[in-house]
Amino acid sequence: MIELYEKSTHPPASWSGIDDVVIIGGGLAGLFCALKLAPRPVTLLSARAIGEGTSSAWAQGGIAAAVAEGDSPENHARDTVTAGAGIVAERIARLMANEAPARIHDLLAYGVPFDKDLEGRLQLSREAAHSYRRIVRVEGDRAGWAIMDALIRTARATPSIRMLEGYIAEEVVLEGRYVAGVAARSRHASGTVFFPARAVVLASGGVGHLYSVTTNPVEANGDGVAMAARAGAILADCEFVQFHPTAIDIGRDPAPLATEALRGDGATLVNGAGERFMAGVHPDAELAPRDIVARAVFEEVMSGRKAFLDCRKAIGAHFAEKFPTVYQTCVDAGIDPARDPIPVAPAAHYHMGGVLTDANGRTSLDGLWACGEVSSTGAHGANRLASNSLLEAVVFAARIAEDIQGLLPTPKTAAWMPLKPVAELGEEAMPDAKIVDLARTTMMENVGVVRNADGLKRALAVFSALERGCRTTAVQHMLTVARIIAAAALARKESRGGHFRSDYPQTDPALARRSYLTLEDVETMAAQAPAADGTLEKIRKEMVA
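Each residue of the sequence shown is one higher than the last, beginning at 3 in my numbering.
Now the structure itself:
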């Protein structure tokens with residue numbers, strides 16, 4: 003056995019021997035929850051250096067909040083419900099919109115340098131499906147980075163937060179029906195470390211890396227959903243995956259993002275012939291809900307006409323000043339966005355589904371909370387409203403912290419105990435690149451922007467076959483979540499929001515309700531829906547070869 007004495011930025015003498023709260027994830031939701039829990043002792047586990055590999059840091063547009071004169075939380079909630087295509091939990095949407103201004107003030111207090119005018123008022127932009135300018139931003143397209151930078155600096159200076167970097171959570175451990183802690187693997191030494199906890203908070207991010215074309219970092223592989231599902235948690239709305247319509251199509255993985263704020267400032271979508279195509283698709287044209295814009299772009303790309311974001315007239319010479327991140331990405335790829343249209347394509351961007359939670363972030367498992375993209379609060383319905391993702395993360399992270407503070411007694415502190423592995427492991431087998439590549443391609447082709455029953459059954463067969471051949475927990479988690487999304491998509495026989503079925507292209511009013519399932523349900527559905535083209539046998543032979 004190896005004793006792991008982890009480095010900490012804080013003196014160990016003040017640390018509790020038994021972790022009171024363990025937070026899985028070093029993105030916005032995890033950090034904000036940890037800060038709101040202070041001075042309660044918290045251990046925050048991050049697979050990489052804090053802030054790295056998180057979708058939060060990559061967010062460009064900003065965070066939505068009704069803080070402008072003439073706007074209101076009621077307007078914000080109404081826009082959220084409208085974008086969510088009929089299945090938003092309206093009480094949750096109202097709660098989120100009402101608490102948004104307070105969370106913006108929290109972020110300002112933590113040092114986030116939101117853009118302001120000369121009189122000190124927040125500068126706001128508008129994005130698709132918002133009826134008002136309500137996107138609070140930083141330097142045009144640097145909101146995610148700036149928010150994370152401020153929170154990381156604040157968290158590192160907070161004595162009650164122990165940040166353990168390089169720990170990959172692998173299992174939510176149960177004792178009977180109660181969550182007892184987290185088993186995690188260290189990147190720095192062999193062995194699995196058990197972190198006992200009275201409360202575990204999942205803040206592990208989304209699922210975008212399950213797709214071969216995505217704007218998400220490699221770490222967005224669904225670990226949190228898989229761990230919760232394997233522990234028996236109820237999941238919700240897993241079929242709803244949002245594809246961002248304007249990922250910059252330059253062959254990079256992940257694909258860099260052309261923020262929606264560009265269209266909010268007047269940029270248009272054109273095809274290879276220079277024809278603007280959104281005006282004939284939706285009354286709001288480029289500012290239509292994301293699912294509608296993504297399908298229109300997808301159709302242009304699949305038809306061979308290609309798709310481009312034309313910023314020349316609306317932004318032109320001011321591009322580098324207003325949108326420095328996108329500008330530099332384009333220049334590095336040999337594109338001058340002030341003079342050239344930007345090639346774009348849809349890419350997996352955000353998962354509206356996840357681990358079912360209530361208004362306080364509680365899951366169906368006692369002792370387990372979830373917030374951020376790993377959760378499904380019902381706030382987004384079938385199609386997330388732009389810039390509501392960062393907002394949902396901070397609103398429910400704060401509510402979880404308040405819930406835990408009220409539920410658990412104040413912890414006693416003791417000498418900080420060293421971490422000890424509970425099981426010795428041999429040298430870790432690297433994830434099989436062939437399995438991962440095939441799974442990601444299968445997701446994009448069969449569980450992507452447009453779906454149908456045959457493709458979804460084929461995907462389920464592929465994932466089942468691949469799961470039998472993989473050797474690592476990380477890849478097993480990816481395949482588990484891939485099966486969950488495909489099974490949920492197969493079950494919803496209609497088109498709604500981010501879920502579009504070519505064999506059921508209409509929205510069915512009778513299905514205007516959220517969906518719920520467990521991993522046991524997925525297993526049953528997969529067994530009852532074998533692929534009709536011999537996919538399973540072909541994949542088995544290919545993997546053996």
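Virtual Cβ for every residue (Gly too), placed ideally from N, Cα, C.
On a predicted model such as this, the values are computed, not experimentally measured, just so you know.
Secondary structure of Lys118, DSSP reduced to three states: If DSSP states are grouped into helix, strand and coil, Lys118 belongs with the strands.
Which residue from Glu447, Ala260, Ser48 puts its Cα closest to that of His190? Of the candidates Glu447, Ala260, Ser48, Ser48 places its Cα closest to the Cα of His190.
Assess, as a yes-or-no matter, whether the stretch 134 to 148 is touched by the stretch 66 to 81 under the definition of 3 or more beta carbon pairs within less than 8 Å. Judged by Cβ distances under 8 Å, the stretch 66 to 81 makes contact with the stretch 134 to 148, as three or more pairs qualify.
DSSP beta-bridge partners for Asn273? Beta-bridge pairing links Asn273 to Ala309.
Leaving out five residues on either side along the sequence, give the residues of the same chain with a beta carbon under 6 Å from the beta carbon of Val452. Once the five neighbours on either side are set aside, the close Cβ partners of Val452 are Phe502, Ser504.
Let me check understanding here. Comparing Cα to Cα, which of Lys459, Gly306, Arg42 lies closest to Ala491? Taking only the C-alpha atoms, the option nearest Ala491 is Lys459.
Short check: CB of Ala145 to CB of Gly63, under 8 Å? Yes, Cβ-Cβ distance for Ala145 and Gly63 is below 8 Å.
For Ser206, which three-state DSSP category applies? In the three-state reduction of the DSSP assignment, Ser206 falls in the coil class, being assigned neither a helical nor a strand state.
Euclidean distance between Cα positions of Leu468 and Asn223: If you draw a straight line from the Cα of Leu468 to the Cα of Asn223, it is about 16 Å long.
What are the start and end residues of the beta strand (DSSP E) that includes Arg164? Here the beta strand (DSSP E) through Arg164 covers 163 to 167.
Output yes or no for whether 8 Å exceeds the beta carbon distance between Ile402 and Ser206. By the CB criterion at 8 Å, Ile402 and Ser206 fall outside the cutoff.
Helix, strand or coil for Thr444, going by three-state DSSP, please let me know. If DSSP states are grouped into helix, strand and coil, Thr444 belongs with the helices.
Determine, using beta carbons only, whether Val203 and Gly183 come nearer to each other than 8 Å. In this structure, Val203 keeps its C-beta atom at 8 Å or more from the C-beta atom of Gly183.
Could you check where the beta strand (DSSP E) with Arg128 kicks off and where it finishes? According to the DSSP assignment, Arg128 belongs to no beta strand (DSSP E), since it is labelled neither H nor E.
Which residues does DSSP pair with Arg498 in a beta bridge? Paired residues: His501.
Rank His246, Ile89, Phe196, Glu76 by C-alpha distance to the C-alpha of Ala61 and give the top, closest one. For the residues His246, Ile89, Phe196, Glu76, the minimum Cα distance to Ala61 belongs to His246.
Whole-Å CB distance - His382 paired with Gly210, under 8 Å assumed: In fact, because the Cβ distance is near 15 Å, the residues do not count as touching under 8 Å.
On the DSSP bridge assignment, give the partners of Glu177 in chain order. Its beta-bridge partners are Tyr180.
Does the contact criterion of 3 or more C-beta pairs under 8 Å hold for the stretch 254 to 274 versus the stretch 372 to 381? Look at the beta carbons and you see the stretch 254 to 274 not touching the stretch 372 to 381: under three pairs across the two are nearer than 8 Å.
What did DSSP end up calling His556 once you bin it into helix, strand or coil? Lying outside 3 to 547, the shown extent of the chain, residue 556 is not represented and no answer is given.
When you compare the stretch 25 to 39 with the stretch 389 to 400, are there three or more beta-carbon pairs, one atom per stretch, that lie closer than 8 Å? The stretch 25 to 39 and the stretch 389 to 400 touch, with no fewer than 3 CB-CB distances between them shorter than 8 Å.
Contact belief for Ala131 with Thr84 at Cβ below 8 Å, rounded distance in angstroms: Between Thr84 and Ala131 the Cβ distance is about 7 Å, and since that is below 8 Å, they are a contact.
The alpha helix (DSSP H) that contains Pro75, what's its start and end? Unbroken alpha helix (DSSP H) run through Pro75: 75 to 85.
Environment of Tyr180 [buried if 16+ CB atoms lie within 10 Å]: The residue in question, Tyr180, is exposed, as its Cβ has fewer than 16 Cβ neighbours within 10 Å.
Just checking my contact of Leu166 with Thr45 at CB under 8 Å: how many whole Å lie between their CB atoms? A Cβ-Cβ distance of about 6 Å is found for the pair Leu166 and Thr45, placing them in contact under the 8 Å criterion.
I'd like the list of long-range same chain contacts for Lys118, defined as Cβ closer than 8 Å, with 5 residues on each side in sequence excluded. The answer, listed in chain order, is Leu124, Gln125.
When you compare only the Cα positions, how much space is there between Ala529 and Gly122? One C-alpha to the other measures close to 60 Å.
Three-state secondary structure assigned by DSSP to Glu394: DSSP places Glu394 within a helical segment (H, G or I) once states are collapsed to three.
Just to confirm, is the Cβ distance from Ile252 to Ala260 under 8 Å? Cβ distance not < 8 Å, so Ile252 and Ala260 don't count as in contact.
Would you tell me roughly how many angstroms separate the C-alpha atoms of Pro532 and Arg442, rounded to the nearest one? Looking at the two C-alpha atoms, the distance is approximately 20 Å.
Tyr329, enclosing alpha helix (DSSP H) - first and last residue: Run containing Tyr329: 326 to 334, per the alpha helix (DSSP H) assignment.
What does the alpha-carbon distance come out to for the pair Ala309 and Glu262? Each residue's alpha carbon lies about 15 Å from the other.
Determine the extent of the beta strand (DSSP E) in which Ala249 is found, giving its start and end residues. Element bounds for Ala249: 243 to 250.
With His107 as the anchor, note down where its beta strand (DSSP E) starts and where it stops. Unbroken run through His107 is the alpha helix (DSSP H), 92 to 111; no beta strand (DSSP E).
Going by DSSP in three states, Glu323 sits in which element: helix, strand or coil? It is helical.
Could you tell me which residues DSSP pairs with Tyr213 in its beta bridges? DSSP, once it has assigned bridges, lists no residue as partnering Tyr213.
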